[in-house]
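K.L.:
In our numbering, the protein residues as written are 390 to 455.
One structure coming up, written as structure tokens, with questions to follow.
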């Protein structure tokens with residue numbers, strides 16, 4: 390996998406390290422990025438299921454009103 394070097398504010402990285410409970414700045418930032426990506430995938434999956442349910446509800450024949 391290709392590597393990328395990014396400059397970040399030291400205070401920001403230290404705070405991430407503390408919150409993540411990790412001693413390495415590299416590991417801490419990688420955990421945050423992986424978590425962000427995983428959250429995005431979970432959100433997409435929930436949204437897709439919700440939209441699919443709405444489509445199925447719209448596709449059902451409606452009972453006559455009146």
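Yeah, the Cβ is synthetic: ideal placement off N, Cα and C, and Gly gets one too.
Everything numeric in this text was worked out from a predicted model, so none of it was measured.
Just the Cα atoms here: how many angstroms apart are residue 400 and residue 419?
P.N.:
16 Å
K.L.:
For residue 411, collect the residues of the same chain with a Cβ closer than 7 Å to its Cβ; drop the 5 residues on either side in sequence, then sort them by chain order.
P.N.:
417, 420
K.L.:
With 16 other CB atoms within 10 Å as the buried threshold, where does residue 406 fall?
P.N.:
buried
K.L.:
Which stretch, first to last residue, makes up the alpha helix (DSSP H) that contains residue 401?
P.N.:
399 to 409
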